[in-house]
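What follows is a set of notes on a single structure, which appears directly below.
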Amino acid sequence: MTGLLLRRIASLVLTLLAVSALIFLVMDVLPGDPAAIMLGTSATPETLEALRRELGLDQPLVLRYLSWLAGVATGDLGMSYTYGVPVAGLIAERLVVTLPLAFLAILLSVAIAIPLGVASAARRNSVVDTAVGFLSQMFIAVPGFWVGLLLVLVFSVSFGWVPSGGFPGWQAGVLPALGALVLPAIALALPQAGVLTRVTRSAVIEVMNEDFVRTARAKGLPRRKALWRHAVPNALVPVVTILGLQFTFLIAGAVLVENVFNLPGLGRLALQALSQRDIIVMQDVVLFFAALVIVMNFLVDLSYLALDPRLRGRT
Amino acid sequence: MSAVAPSAPPRRGRTFAAALRRGLAHGKLWTGGLVIGFIGAIALLSLVWTPLPPAKLQIVQKLKPPLAQGLLGTDHLGRDVASMLMVGAWNSLSIAVLAVVMGALAGTLLGVAVAARRGWFEAIMMRANDVIFAVPPILSAMMLGALLGTGRPTAIIAIAVFMVPVFARVTASAALQVWSRDYVQAARGAGKGGIRITIDHVLPNIANQIIVQATIQLGLAILTEAGLSFLGLGMAPPAPTWGRMLADAQTYLGRAPWLAILPGLAIALTVLGFNMLGDGLRDLLDPRERGR
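For the protein sequence lines, the chains are A and B, in the order given.
Residue numbers are given in our numbering: position 225 of the first sequence equals residue 244, and the series is strictly consecutive.
Residue numbers are given in our numbering: position 131 of the second sequence equals residue 507, and the series is strictly consecutive.
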């Protein structure tokens with residue numbers, strides 16, 4: 020058990036190192052001099068040279084990577100070129116929007132998907148099943164950011180119930196802040212819910228067909244109880260797996276949805292950094308997102324151990 | 377996976393359900409095929425004919441609703457929405473198809489290589505897949521865009537790179553199953569090399585799965601391309617794309633809601649078409665995955 024855990028952690032660290040190296044290499048190997056990009060047309064040879072030195076671009080590649088890595092490990096992500104403040108602070112500031120948004124979206128998608136998926140599996144090939152199948156196909160096909168636009172169109176522009184975007188900040192109170200995140204979270208959650216509904220349905224059906232459920236039913240366990248006591252808990256493993264795999268799409272969706280609703284989150288920070296050619300900020304945000312996806316999948320791996328006792332014995 | 381055993385006697389309920397599913401599969405296949413055929417035809421048509429040149433500005437006629445000016449109205453610069461949607465179909469489809477073909481080729485190559493070599497090669501490649509999969513196309517397009525500039529090639533590369541791990545994973549697991557079969561082991565024992573086995577036995581057996589996966593990935597590629605161009609990371613203006621039409625529509629939500637509705641419908645319809653086509657193909661071609 021501890022051996023397994025240690026191996027998982029080692030693999031997590033290796034993956035994180037690999038992704039940081041990849042991002043660093045991409046930014047470095049591709050043509051385009053960050054200093055020149057950041058200075059734009061105002062560059063003179065002297066300012067270019069000075070910025071190169073400031074960014075450490077005159078150092079060899081490996082040294083630069085190691086010093087960036089050491090900085091990341093100690094929470095020093097470098098200075099933003101346009102804002103003139105530490106990137107770590109910028110990310111922390113934006114994280115309080117993006118993380119609650121993502122969390123809310125996951126919660127919502129699970130709250131939509133599990134009942135729909137179970138209902139669909141319980142009445143296989145019924146009208147309910149067909150309707151849910153159709154609905155989940157729709158959810159998957161519809162771009163989340165477009166759902167966001169439509170929500171704004173209906174609830175802000177037509178009804179005038181909620182502001183069309185923006186974020187009051189948590190200091191304005193938990194409720195107004197959460198209120199500003201509800202529509203974006205719905206937009207973000209629907210495509211996820213579509214995928215999760217299908218996974219829940221097929222997982223529940225699979226478990227219901229297994230011998231132990233058949234035995235329990237033969238011994239007189241009502242179908243309802245078999246469903247909720249056996250099928251649903253067992254179906255959680257694939258659902259959680261997909262939730263982890265989908266996290267990378269959730270991040271991508273968050274970048275888009277933040278843009279629709281004018282939320283000052285990490286995705287917008289990265290886009291602003293791109294348009295202001297603030298390469299360091301972009302590099303750090305991309306690394307942060309990638310690390311988030313990897314850690315999320317690591318946690319999913321760990322959750323198997325909690326959800327599926329059979330795996331604990333394996334090494 | 378006991379359902380694979382041929383000795384299981386067919387049961388009434390099961391054969392009926394199977395028949396129903398087959399019918400459903402064909403229904404999906406046809407619906408998806410028709411939708412994609414329709415969108416594809418429009419995309420091709422846009423190469424030779426559109427009602428108006430999509431970039432033609434008629435400021436006097438700006439923000440006219442559907443049927444008031446042209447079939448689907450005009451945008452904030454008085455451009456014909458129907459013409460823009462048509463050219464947008466071509467732009468979306470061509471980027472998605474190119475990206476998926478590139479990703480599928482690279483991913484399949486990687487997948488069959490992993491299945492043939494195993495060992496440390498497999499471990500490293502699969503870990504590399506996780507790493508690439510952790511950087512969604514929107515983020516890689518930003519990195520590439522910062523250095524190379526945004527545009528069609530950047531969008532295609534960003535989407536294609538993300539497709540590689542998906543295809544590598546699907547191919548590797550399918551190929552490993554083929555490798556575990558007795559006749560492949562026999563061929564190996566008879567001295568057939570890894571590359572020969574891959575070409576003679578593995579690829580023909582997994583081709584269906586790759587085709588199914590590619591169809592489904594096309595839907596995802598359409599969604600991703602729309603997202604990229606919504607953020608200004610896709611094709612450069614003035615080329616009309618569904619994503620940028622939506623981005624432009626944001627400012628005029630109150631006055632011209634059709635500008636926000638129509639391109640989204642086009643995206644959703646295309647993705648739905650590819651997904652149904654993929655589902656139908658899977659039910660038809662890949663009996664193991666049936667009913668999932």
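Backbone N, C-alpha and C define an ideal beta-carbon position, used for all residues, glycine too.
Straight through space, the alpha carbons of residue 262 of chain A and residue 294 of chain A are spaced by roughly 32 Å. Put simply, of B:529, B:645 and B:437 the residue whose alpha carbon is nearest the alpha carbon of residue 453 of chain B is B:437. Not a single C-beta of chain A is nearer than 7 Å to the C-beta of residue 502 of chain B.
In terms of Cβ geometry, residue 174 of chain A and residue 279 of chain A do not form a close pair [threshold 7 Å]. Against chain A, the beta carbon of residue 451 of chain B has no neighbour under 9 Å; the closest one sits roughly 15 Å away. Around residue 156 of chain A, the beta-carbon contacts reaching into chain B at under 8 Å are 648, 651 and 652.
Annotation note: the segment 433-482 of chain B contains no uninterrupted alpha helix (DSSP H) run of length 4 or greater. Of the candidates B:552, B:470 and B:524, the residue whose Cα lies closest to the Cα of residue 490 of chain B is B:552. DSSP places residue 323 of chain A in the uninterrupted alpha helix (DSSP H) bounded by 298-326. With fewer than 16 other Cβ atoms inside 10 Å of its own Cβ, residue 402 of chain B counts as exposed.
Those residues of the segment 616-628 of chain B placed with their C-beta closer than 8 Å to a C-beta in chain A are 622, 625 and 626, ordered along the chain.
For the pair residue 226 of chain A and residue 267 of chain A, the CB atoms are not nearer than the 7 Å cut-off.
Taking C-beta separations shorter than 8 Å and ignoring five residues to either side along the sequence, the partners of residue 115 of chain A in its chain run 189, following chain order. A straight-line Cα-Cα distance of about 11 Å links residue 599 of chain B and residue 642 of chain B. For residue 599 of chain B, the enclosing alpha helix (DSSP H) covers residues 579-606. By the CB criterion at 7 Å, residue 526 of chain B and residue 609 of chain B fall inside the cutoff. In this structure residue 594 of chain B touches residue 476 of chain B by the C-beta definition: roughly 5 Å separates them, less than 8 Å. Contacts with chain A at 7 Å (Cβ-Cβ) do not include residue 612 of chain B. Residue 522 of chain B belongs to the set of residues whose beta carbon lies under 7 Å from a beta carbon in chain A.
Fewer than three beta-carbon pairs drawn from the segment 50-70 of chain A and the segment 102-117 of chain A are found closer than 8 Å, and the two stretches are therefore not classed as touching.
Residues of the segment 564-583 of chain B with a C-beta less than 7 Å from any C-beta of chain A: none at all. Under the DSSP assignment, residue 656 of chain B falls in the alpha helix (DSSP H) whose first and last residues are 633-661. In this structure, the alpha-carbon of residue 308 of chain A lies about 21 Å from that of residue 602 of chain B. DSSP places residue 498 of chain B inside the alpha helix (DSSP H), whose first and last residues are 495-509. With a beta-carbon spacing of about 6 Å, residue 76 of chain A and residue 54 of chain A fall inside the 8 Å limit used to define contacts. Residue environment: residue 497 of chain B is assigned as exposed (fewer than 16 neighbouring CB atoms within 10 Å of its CB, all protein chains considered). For residue 611 of chain B, the secondary structure class from DSSP, reduced to helix, strand or coil, is coil. Bridge partners of residue 105 of chain A according to DSSP: A:98. Contacts with chain B at 7 Å (Cβ-Cβ) do not include residue 67 of chain A. Taking the beta carbon of residue 274 of chain A as reference, the chain B residues within 9 Å of it are 512, 514, 515, 518, 603 and 607, listed in sequence order. With 16 or more other CB atoms across the displayed protein chains lying within 10 angstroms of its CB, residue 521 of chain B is buried. Look at residue 540 of chain B: its C-beta is not under 7 Å from any C-beta on chain A. In the three-state reduction of the DSSP assignment, residue 414 of chain B falls in the helix class. Here residue 408 of chain B is near residue 652 of chain B, since their CB atoms are less than 7 Å apart. Put simply, the CB of residue 424 of chain B is far from chain A, with every gap to its CB atoms at 7 Å or more. Within chain A, no C-beta atom comes nearer than 7 Å to that of residue 412 of chain B; the closest sits roughly 12 Å away.
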